[in-house]
Structure formats: structure tokens, C-alpha cells
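Q:
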Amino acid sequence: MNDPLFDIESRYHWRYADDCLHLADEANTTLEVHGDLAGRLADGLQMLETAGVYMQPVLSLLWHTAAAGSAGLIVPQHEGGV
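FYI, in our numbering the residues of the sequence shown are 11 to 92.
(1) I'd like the list of long-range same chain contacts for V68, defined as Cβ closer than 8 Å, with 5 residues on each side in sequence excluded.
(2) Which runs of the beta strand (DSSP E), 3 residues or longer, sit entirely within the region 17-66?
(3) Near H44, which residues of its chain fall below 6 Å by C-beta distance, leaving aside the five closest residues on each side in sequence?
(4) Take the Cβ of L33 as the centre, count every other Cβ of all protein chains shown within 10 Å, and call the residue buried at 16 or more, exposed below.
(5) Taking its Cβ as the centre, do 16 or more other Cβ atoms sit within 10 Å of W73, making it buried, or is it exposed?
(6) Can R25 and Q66 be called in contact, C-beta distance under 8 Å?
(7) Return yes when the Cβ of L41 is within less than 8 Å of the Cβ of A78, no when it is not.
(8) I need the straight-line Cα distance from D28 to D53, nearest angstrom please.
Right under this line is the structure:
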């Protein structure tokens, strides 16, 4: 739990295709987000990139959030989460 949310050494990239947001790190480990949420996140990421925002902190936060979700650490409220 003491790990920083933004790893300054890691580089991330993203792409959106076929209703799936792909987040990958420099080792090409990929996390996928599907459905409506993927489209909304991709729209937001595109807007931030277009605005000239440095994307690595944003992608790092998104990466760690998606990883926590896939590990069962983030559970939707209707499934028993808080």
C-alpha cells in the first residue's frame, strides 16, 4: 500500500479499438477495459492529449486503478462494495 500512484520510471501508452481500451506498460503488459466505460475513458484521454496534458501521470493512475479492479480490490457497489 506504500507504493506511489505514479511510477516515474514506467512509461504507459493506450489505444482504443472495438469498444475496448488497451492500457500497456513499457513491457507490453496490457490491461483492458471494456464497454461503455472504455469509450468514456478513451474520450477523456483523447481530450487531455489534445489539450497538451503530460499523459504519463494520468495513464499511471489509470493503470493502477484498472489493475486494482482486476485484482478484485475495487468492487462495484451492487456487488457488495462500499
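Heads up, the beta-carbon is just placed ideally off N, CA and C, and yes, glycines get one too.
A: Let's see:
(1) Looking up residue 68 in the sequence shown gives position 58. The answer, listed in chain order, is L55, L58.
(2) Fully enclosed beta strand (DSSP E) runs of 3 or longer: 22-27, 30-35, 40-44.
(3) Here the question's residue 44 lines up with position 34 in the sequence shown. Cβ within range, chain order: C30.
(4) Taking the sequence shown and counting its residues from 1, one reaches residue 33 at position 23. Under this definition L33 is a buried residue.
(5) Position 63 of the sequence shown, counted from the start, is the residue given in the question as residue 73. The residue in question, W73, is buried, as its Cβ has 16 or more Cβ neighbours within 10 Å.
(6) Residue numbering aside, residue 25 sits at position 15 when the sequence shown is read from its first letter. Residue numbering aside, residue 66 sits at position 56 when the sequence shown is read from its first letter. Not in contact: R25 and Q66 (Cβ atoms no closer than 8 Å).
(7) As a position in the sequence shown, residue 78 is number 68, starting the count at 1. As a position in the sequence shown, residue 41 is number 31, starting the count at 1. Contact: no.
(8) Translated into the one-based positions of the sequence shown, residue 28 becomes position 18. Translated into the one-based positions of the sequence shown, residue 53 becomes position 43. Those two C-alpha atoms are separated by around 14 Å.
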